[in-house]
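Numbering (this note's numbering), first residue to last: 192 to 437. All residues carry an ideal CB built from backbone N, CA and C; glycine is no exception. It should be emphasised that the depicted structure is a prediction, and the values quoted were computed from it without experimental measurement.
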Ligand code: ADP
Ligand code: MG
């Protein structure tokens with residue numbers, strides 16, 4: 192087994208007296224597509240936010256990305272340069288055009304020239320199917336288009352790892368498919384993807400592995416066919432029964 196690109200050991204996270212993550216151990220291989228499912232409040236967002244230190248975690252927990260320990264300090268910039276994040280709420284810069292949104296980080300962090308950054312941005316915007324919107328502002332785009340810009344923006348840093356936190360949950364139903372299609376096309380390109388999602392069809396079709404969380408713990412993990420067709424744990428069965436039958 193090559194070294195995992197994400198390595199997590201004994202990860203704990205508390206908010207005051209509340210334990211949001213209660214001992215997570217997880218290795219994710221380079222190029223793997225992992226979908227994280229589970230009820231609201233189970234710690235899914237907290238888990239992926241710890242991977243690039245958007246949340247501090249309890250001392251004694253170990254998280255590393257590409258062999259770099261995730262911690263405050265100099266190495267954090269290196270970690271963040273390797274990890275792209277796509278949020279439910281897009282988080283684009285509203286005062287910048289789509290093109291500028293995608294150019295910004297490569298110029299600031301990777302020191303690309305404006306010309307190089309623009310060429311890269313236009314290629315990526317074409318890849319997510321919105322090259323025609325390059326000069327518009329985010330507010331002029333549909334939610335599905337904005338989320339595709341957010342994906343292009345994350346890709347512009349050529350990250351090793353892409354984290355998605357419910358990327359389609361804020362979208363009108365007719366726009367979910369266009370974003371999932373972009374994500375499907377990304378899976379298999381070599382980028383490691385960790386996707387928190389309620390889209391069980393997507394997880395079944397695209398994930399190499401599904402992780403079911405509850406109560407701040409990983410309850411069960413396995414290939415999608417096993418998790419969806421033959422879950423072993425009662426909590427997994429209850430959850431899937433509730434989400435797949437409504
Ligand atoms: P999920 O993404 O699975 O819905 P979260 O990771 O967002 O769950 O949250 C896990 C638990 O931690 C929830 O009970 C939530 O209320 C709590 N929590 C999350 N963020 C905070 C915060 N900033 N302060 C206090 N509690 C929080
Ligand atoms: Mg969440």
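Residue i Cβ short of 6 Å to the ligand MG heavy atom set
i           : result
residue 235 : yes
Backbone CA spacing between residue i and residue j [nearest angstrom]
i           : j           : result
residue 426 : residue 412 : 12 Å
residue 283 : residue 205 : 29 Å
residue 311 : residue 292 : 12 Å
residue 257 : residue 268 : 13 Å
Whether residue i touches residue j by CB criterion (7 Å)
i           : j           : result
residue 415 : residue 433 : no
residue 373 : residue 339 : yes
residue 188 : residue 202 : Nothing about residue 188 can be reported from this structure: the residues present for the chain run from 192 to 437 only.
residue 277 : residue 358 : yes
residue 241 : residue 398 : no
residue 294 : residue 317 : no
residue 223 : residue 351 : no
residue 229 : residue 403 : yes
residue 324 : residue 332 : yes
Status (buried if at least 16 other CB within 10 Å, exposed otherwise) for residue i
i           : result
residue 419 : buried
residue 400 : buried
residue 435 : exposed
residue 438 : Because the chain is modelled from 192 through 437, residue 438 falls outside the range shown and cannot be assessed.
residue 390 : buried
residue 302 : exposed
Any non-hydrogen atom of the ligand ADP within 6 Å of residue i CB
i           : result
residue 214 : no
residue 232 : yes
Anticipated Cβ contact below 8 Å, residue i with residue j, distance rounded
i           : j           : result
residue 253 : residue 306 : Rounded, the Cβ-Cβ distance is 41 Å, inconsistent with contact.
residue 385 : residue 259 : Residue 385 to residue 259, Cβ: 17 Å. No contact.
Residue-chain proximity (residue i, chain C), Cβ-Cβ < 7 Å
i           : result
residue 277 : Checking the listed chains, one finds no chain C in this structure; it contains a single protein chain.
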